[in-house]
Every structure is written in structure tokens, then in C-alpha cells.
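Everything in the sequence shown is counted per our numbering, starting at 1068 for the first residue and increasing by one.
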Amino acid sequence: PRLDLQREALLDLTKLLAEVDERAGPELLRVCEKEAIILRLVNMLRQYLAQPSVDTYLVNLVLSSLTNLAFFGGINAIHAHGGLDVVIDTAKRVPRPATQQYC
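Right under this line is the structure:
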């Protein structure tokens, strides 16, 4: 099913971003901006939060990816796509400690 494929792709992206060398981060960020990855992540987070039952595993994967992209200098791009507002909404909606650490 589609959600399983999305979950697998999101996990792969999260792992990739977590393992990127700090020096390669800015180039990876440029690729992510060019391919609209940041916009897609922000939209996925919105989509997950709109569900009646929030899948915190998926939310945490998205937040982890956004955190790593912010570390590489992507905070402006995240902000430009409304990502900061969505992260704040996440903090309000998902009070789990594992999720809060990203917010």
C-alpha cells in the first residue's frame, strides 16, 4: 500500500540526512530545495496532523528530517513553506517527549 511505501521512503530520507557529513550538508540542502523535498516534508507533516489519529512515528521521521535540514542551513526554506508554524502545531497536538524533542 501507498502508506507503506511512503513510510519506507521517509525512513530512508531520515537515515540519509542523519548520516550526511557536515561538509556535504549544504550541497544536500540545495538538492532538497531544488527537488522541493522541504515543501513535501512540510506538507506531509500537515497531512499527518490532519488525521484523526496521529501516527507519531511518521511525525517524528518528518521532524527529524526537517531538523537535519535546518542544521545544514535550511531554516529559511522551512520557514518559507510555513514549516515553523506546522512544527508549533505539532508541539501542541503531539505532547509525547520523543516528538517534543524535535519541536
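Glycine included, each C-beta is placed from N, C-alpha and C at the ideal position.
Cβ pair residue i, residue j closer than 8 Å
i	j	result
GLY1140	LEU1096	yes
VAL1121	TYR1115	yes
ALA1076	ILE1105	no
VAL1153	CYS1170	no
THR1157	LEU1112	yes
Residue i - DSSP class collapsed to helix/strand/coil
i	result
GLU1094	helix
PRO1164	helix
VAL1087	coil
ALA1158	helix
HIS1148	coil
GLU1102	coil
ASP1071	helix
ASP1079	helix
Whole-angstrom C-beta distance between residue j and residue i, which should lie under 8 Å
i	j	result
ASN1127	THR1166	6 Å
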